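Below: the structure, in structure tokens.
Shown next as structure tokens:
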């Protein structure tokens with residue numbers, strides 16, 4: 347339990363820290379990036395696609411599609427060299443952002459720069475401060491409160507997954523136990539059949 351708390355706290359802390367964009371190379375025409383989200387979590391992504399040799403000064407167009415855990419489209423845009431997507435996750439699970447180059451031969455020359463922020467890190471605190479008339483201390487307290495909520499939600503998610511794994515383990519153990527009993531019954535039955543067959547065989551040959 348302490349490990350789960352520490353892990354959830356670390357995740358929330360990392361989400362709250364200012365994030366920097368990551369660069370990805372296109373190994374094929376389509377490049378996909380995956381993020382695990384809790385339910386009702388804000389996600390904001392800023393992206394750029396450009397030629398690796400020239401850097402951001404020479405952008406290239408790409409198609410962008412963000413899919414939810416069940417394959418439904420969350421965001422879609424065509425012929426974009428840079429932009430931003432934002433959404434609030436409806437359900438917990440793995441969300442996928444896929445970027446498709448115009449031509450397959452161009453893919454090895456392109457780089458994707460993606461800054462995907464989640465939860466507290468994705469929140470526009472300056473807008474909230476203006477809207478709710480909060481000072482710097484109020485913003486920090488609000489940020490801390492949201493971080494604590496993220497830790498709590500992460501703990502709930504970890505507990506749910508732990509319960510699911512426990513249920514699967516118990517179900518598997520139950521099936522293995524019954525399979526063992528069935529295997530033992532089959533072995534005993536086969537032994538009895540062989541014993542009866544040999545008994546009849548020896549009797550017929552008048553060896554008994």
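Numbering (the working numbering), first residue to last: 347 to 554. For each residue, glycine too, the CB sits at the ideal point set by N, CA and C. Small disclaimer: the values here were computed from a predicted structure and weren't measured.
Asked	Found
Return the chain-ordered list of same chain residues with a C-beta closer than 6 Å to the C-beta of residue 426, the five sequence neighbours on each side being excluded.	410
For residue 480, which three-state DSSP category applies?	coil
Looking at the structure shown, is residue 407 part of a helix, part of a strand, or coil, going by DSSP?	coil
Is residue 408 closer than 8 Å to residue 457 when the C-beta atoms are compared?	no
Going by DSSP, what residue range makes up the beta strand (DSSP E) through residue 440?	439-446
Applying the criterion that 16 or more other CB atoms from any shown protein chain within 10 Å of the CB defines a buried residue, is residue 394 buried or exposed?	buried
Among residues of its own chain, excluding the 5 on either side of residue 350, which ones have a beta-carbon nearer than 6 Å to its beta-carbon?	Residue placement at residue 350 is poorly supported in this model, since its pLDDT is 45, which falls under 50; the coordinates are not used for a value here.
Within the same chain, show all residues whose beta-carbon is closer than 8 Å to that of residue 437, passing over the 5 residues directly before and after it, in chain order.	385, 414, 415 and 416
Could you tell me how far apart the beta carbons of residue 460 and residue 367 are, in whole angstroms, since I believe they sit closer than 8 Å?	6 Å
From the DSSP output, which residues share a beta bridge with residue 434?	388
State the start and end residues of the unbroken beta strand (DSSP E) segment that holds residue 370.	368-371
Tell me which residues share the same chain as residue 424 and place their Cβ nearer than 6 Å to its Cβ, disregarding the 5 neighbours each side in the sequence.	409
Considering only their Cβ atoms, is the gap separating residue 465 from residue 486 smaller than 8 Å?	no
Taking Cβ positions, are residue 467 and residue 379 nearer each other than 8 Å?	no
By Cβ distance, which residues of its chain are closer than 7 Å to residue 499, with the 5 residues on each side in sequence left out?	384
In the DSSP assignment, what are the bridge partners of residue 457?	371 and 396
Answer yes or no: the CB of residue 497 versus the heavy atoms of the ligand COA, is any distance below 7 Å?	Inclusion of the ligand COA in the displayed structure is not the case, the ligand content being empty and no account of it being possible.
Report the residue from 521, 422, 398 and 530 whose alpha carbon sits nearest the alpha carbon of residue 369.	398
Grouping DSSP H, G and I as helix and E and B as strand, with all else coil, what is residue 510?	helix
Can you have a look at residue 377 and say buried or exposed, based on whether 16 or more other CB atoms are within 10 angstroms of its CB?	buried
Nearest-angstrom Cα distance between residue 489 and residue 479?	15 Å
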